[in-house]
Amino acid sequence: MVYNLASLAKQLNAQLCGDANLEIKRLATFDGAGQGDITFVSDKKLLSRLDECAASAIVLPTAVKEGYQGNALFMDNPYVGYALLARIFDTTPNPKAGIAVSAVIHETAVIGNNVTIADHVVIEQGVVIADNCQIMANVVIGQYSKIGEQTRIYPNVSIYHQSELGARCIIHANTVIGSDGFGNAPYQGTWVKIPQIGKVIIGDDVEIGSSTTIDRGALSDTLIADGVKIDNQCQVAHNVSIGKHTAIAGGSNIAGSTKIGANCIIGGSVAMNGHINITDNVVITGDSMVMRSITEPGIYSSGVPAQKNKAWRKTTAYTLKIDDLFKRVKELEQQLQDKH
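Under numbering that gives the first Met the number 0, think of the first position of the sequence shown as 0, with each following residue one higher.
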């Protein structure tokens, strides 16, 4: 698709400077852009390099509008401009509505209008799928599950029984929603399985990455609120609750019954203990291990950053001696007290 700069400015609600009829064919990176491309600058470091950029137009911060002579769209937040442009130039296929011959749909399932159901999809008893949903190949939707309108489910997703997804959700390939939580009771040296009889309830506008697992609740439900974004290969255990608009990066693991507040940012490969509470507006940096509840907003970190192997071996050796060092310090303190 080709757009003129004026139409893009209207869609982005941006201020246009330059040639309104300039044709834009592609969204590109700052360094990779050329003629016919539009790019964006959200990193202040790039502002000093604007004369190096070969793009036909740039989305720039409003604060630098004065004095800029090129073709530009000015916005308070150019990164949001990038997000909107990416939607405009998105090349993700949009399949036509219709039901594939190979799909297996139970007679009691309720399918809305303008729904796409691709090859080898299985939709079980009592499922309700709202209007304008897209269900890709090999998806399985278990009994009495509900899928909200305009939700897109990518290939090989498995949604277990009685799961509920809101409107405009995106579930990426190979994800599992509603599998059993890890519930077992020890008994005479063995384990007795505890069936998980809660649900997974997911709000509106939630996106879940590929190969992520969200377990159903043991008794009560696992709850994912509106606007939550979960990256690839995450584990969300039974009875976890995640508040509105929280984002969780790839490889993170959240143990059972943990409650995460709204507007949190959880970095990659974070591990959270079970039965703890994380308040709203918390940022946890990557590779952190969260063992206790966090009751105040802020940025939290743990773990050891990467370093040269020789330095790491020395640090580890010192760490193993901390207990002895602590005892020696206590002894010295006691000796000082005895002298006085």
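Quick reminder that beta carbons are idealized off the backbone N, C-alpha and C, glycines included.
Along the chain, where does the alpha helix (DSSP H) that runs through Y78 open and close? Locating residue 78 in the sequence shown gives position 79, where the first residue counts as 1. Note, Y78: alpha helix (DSSP H), 77–87.
DSSP beta-bridge partners of Q133: In the sequence shown, the residue the question calls residue 133 occupies position 134. In DSSP, Q133 forms a bridge with T115, R151.
Boundaries (first-last residue) of the beta strand (DSSP E) holding V199: Here the question's residue 199 lines up with position 200 in the sequence shown. 199–201 is the extent of the beta strand (DSSP E) around V199.
In the stretch 0–84, which residue ranges form an unbroken alpha helix (DSSP H) of at least 4 residues, counting only runs that do not cross its ends? You should have 4–11.
Quick check: the Cα distance between T294 and L222, rounded to an integer number of angstroms? What you label residue 294 is simply residue 295 of the sequence shown in a count that begins at 1. What you label residue 222 is simply residue 223 of the sequence shown in a count that begins at 1. Take the alpha-carbon of T294 and the one of L222: they are about 20 Å apart.
Would you say L83 and L11 are within 7 Å of each other, going by their C-beta atoms? Here residue 83 refers to the residue found at position 84 when the sequence shown is read from its first residue. Here residue 11 refers to the residue found at position 12 when the sequence shown is read from its first residue. L11 sits close to L83, with the two beta carbons spaced by under 7 Å.
Have a look at the DSSP bridge pairing and note the partners of N183. Stepping through the sequence shown from its first residue, residue 183 is reached at position 184. The partner list for N183 (beta bridge, DSSP) reads K192.
Can you name the start and end residues of the alpha helix (DSSP H) that L218 belongs to? Position 219 of the sequence shown, counting from 1, holds the residue named residue 218. L218 -> no alpha helix (DSSP H), and no H or E assigned at all.
Hey, quick one: how far does the beta strand (DSSP E) through Y299 stretch, first residue to last? Counting from 1 along the sequence shown, the entry for residue 299 is found at position 300. Unbroken beta strand (DSSP E) run through Y299: 297–299.
Neighbourhood of K198 by C-beta distance below 8 Å, restricted to the same chain and skipping five residues each side: Along the sequence shown, read from residue 1 onward, the residue named residue 198 stands at position 199. Within the same chain, K198 has close Cβ partners Q161, S162, E163, G177, R215, G216, D220, T221.
To test your reading of the DSSP string, which unbroken alpha helix (DSSP H) runs of 4 or more residues are found completely within the stretch 276–328? Those alpha helix (DSSP H) runs which fall completely within the stretch 276–328 and span 4+ residues are 308–319.
Since G177 is in the beta strand (DSSP E), which residue starts that stretch and which ends it? Along the sequence shown, read from residue 1 onward, the residue named residue 177 stands at position 178. G177 -> beta strand (DSSP E) spans 175–178.
Here's the rule I'm using: 16 or more other beta-carbon atoms within 10 Å means buried, otherwise exposed. How should I241 be labelled? Numbered from 1 along the sequence shown, position 242 holds the residue referred to as residue 241. By the C-beta density criterion, I241 is buried, having at least 16 other C-beta atoms within 10 angstroms.
When you compare only the Cα positions, how much space is there between Y67 and D50? On the sequence shown, residue 67 is found 68 positions in, with the first residue counted as 1. On the sequence shown, residue 50 is found 51 positions in, with the first residue counted as 1. Counting only the Cα atoms, D50 lies some 10 Å from Y67.
Whole-Å CB distance - T278 paired with G260, under 8 Å assumed: Residue 278 sits at position 279 when you count from the first residue of the sequence shown. Residue 260 sits at position 261 when you count from the first residue of the sequence shown. Contact check for T278 and G260: beta-carbon distance about 5 Å, within the 8 Å limit, so the pair qualifies.
Can you list, in chain order, the residues of its chain whose CB lies under 8 Å from that of K95, leaving out five sequence neighbours each side? Here residue 95 refers to the residue found at position 96 when the sequence shown is read from its first residue. Closer than 8 Å at Cβ, skipping near neighbours: T115.
Inter-residue spacing [alpha-carbon to alpha-carbon] between Y317 and G302: In the sequence shown, residue 317 corresponds to position 318, counting from 1. In the sequence shown, residue 302 corresponds to position 303, counting from 1. Inter-residue distance for Y317 and G302 is about 16 Å (C-alpha atoms, whole angstroms).
Taking C-beta to C-beta, are D130 and N113 nearer than 7 Å? By 1-based counting over the sequence shown, the position of residue 130 is 131. By 1-based counting over the sequence shown, the position of residue 113 is 114. The answer is yes: Cβ separation under 7 Å.
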